[in-house]
Each structure stands twice: as structure tokens, then as C-alpha cells.
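J.: In the working numbering, the protein residues as written are 70 to 227.
All residues carry an ideal CB built from backbone N, CA and C; glycine is no exception.
Take a look at the following structure, please.
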Ligand SMILES: [Zn+2]
């Protein structure tokens, strides 16, 4: 199908075979770098706070998105939190059934206004998971951390 071809019947799927080479470089930005450096070196999470708006951002931001204050004071917010919301996946991308369901959750960190989306530990019985459940991040051993989201193995129940 040529890119200029007009689609008159939207119920008939169209496609073309081929490959699209995609390369990208994703940077963490100033706040993201500090966040992942703290995970790697100190085993903790950082946030930034806007006193004017009474908001603590996790992951940290360099500007408050409400009042545009510059935020340059980073605070240690710890690695514990609670399940804000979650979803359970029972199938793999190819449609096959997972041996163990995986739970992806939004974890509200401490008493901040932000959080991290990550997996819950597979040892948690997915039928017992509830909004408000307290959890704690499981990090890779310090020597194995590289300063990325993969330094966080997941969250376990506490
Ligand atoms: Zn603000």
C-alpha cells in the first residue's frame, strides 16, 4: 500500500511487510539522572518538593508543573509505599498463558504525591493484592545496579 493510497473501506485491514529501523537515545534529564544515581549508589528514591503547591514529586521534576517554580532541592523519600492501582496479566504477548500471573502496579511512594509503575513480586498471591497494600521496593544488590529502572526488581509486600 502506498502512503498516498486512500482508504475507502476501513473494515478491511491493510498492511505492508518490511522493517522500520528505529534508533533512539533516551536521556533521563537532570532530575532523572539524580533519581537513578540515588537508586544505584544509595538504594533509595528521591523526590523534589514544591512548598508553594505542597506537592512532592516522585520521580523528581526540575519544575513544578502547577506553578512553574524551579525545584532544585532533592529529598530522600525512601523505598516504601502502597499500591495505588494495579492490573494483572495472565497471558504473554504471543497469547500463551503465563505460568504465574504478573501484576503491574502504580506504587505511591511514602506520603508523596508521586509514584513508580513497576511489577509486584511474583511471590505475592495476586488474589490478595488490594489498593492500599503496603509494599517495599526490592533492588538489585548494590554491585549489580547500573542506574536504570532495571535496578528495581519489583515491589514486595511488607
Ligand atoms: Zn508549585
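On the DSSP letters alone, give me the boundaries of the alpha helix (DSSP H) that residue 152 sits inside.
T.: Position 83 of the chain shown, counting from 1, holds the residue named residue 152. First-last for residue 152: 149 to 160, but that is the beta strand (DSSP E), not the alpha helix (DSSP H).
J.: Closer than 8 Å is the cut-off here; do at least three beta carbon pairs connect the segment 157 to 167 with the segment 77 to 97?
T.: Short answer: they don't touch.
J.: Can you pull the DSSP bridge partners for residue 178?
T.: As a working note, residue 178 is residue 109 in the chain shown. DSSP lists 150 as partners of residue 178.
J.: Who sits around ligand 1, taking every residue whose Cβ is closer than 7 Å to one of its heavy atoms?
T.: 119, 121, 122, 124, 133, 135, 136 and 138
J.: Could you check whether residue 153 and residue 184 sit closer than 7 Å to each other, using their CB atoms as the reference points?
T.: On the chain shown, residue 184 is found 115 positions in, with the first residue counted as 1. On the chain shown, residue 153 is found 84 positions in, with the first residue counted as 1. Result yes, Cβ atoms of residue 184 and residue 153 sit closer than 7 Å.
J.: Straight-line CA distance for residue 143 to residue 100?
T.: Here residue 143 refers to the residue found at position 74 when the chain shown is read from its first residue. Here residue 100 refers to the residue found at position 31 when the chain shown is read from its first residue. One C-alpha to the other measures close to 9 Å.
J.: According to DSSP, is residue 95 part of a helix, a strand, or is it coil?
T.: As a first step, residue 95 must be located in the chain shown, where it is residue number 26. The answer is coil: DSSP assigns residue 95 none of H, G, I, E or B.
J.: Which residues share a DSSP beta bridge with residue 188?
T.: Walking along the chain shown from the start, residue 188 turns up at place 119. Paired residue(s): 173.
J.: Among 82, 155, 112 and 92, which has the Cα closest to the Cα of residue 44?
T.: In the structure as shown, the chain begins at 70 and stops at 227. Residue 44 is therefore absent and cannot be evaluated.
J.: Looking only at DSSP bridge pairs, what is residue 116 linked to?
T.: Residue mapping note: residue 116 aligns to position 47 of the chain shown, counting from 1. 144.
J.: At the level of alpha carbons, what is the spacing between residue 125 and residue 190?
T.: The residue given as residue 125 occupies position 56 in the chain shown. The residue given as residue 190 occupies position 121 in the chain shown. Residue 125 and residue 190: Cα-Cα distance of roughly 26 Å.
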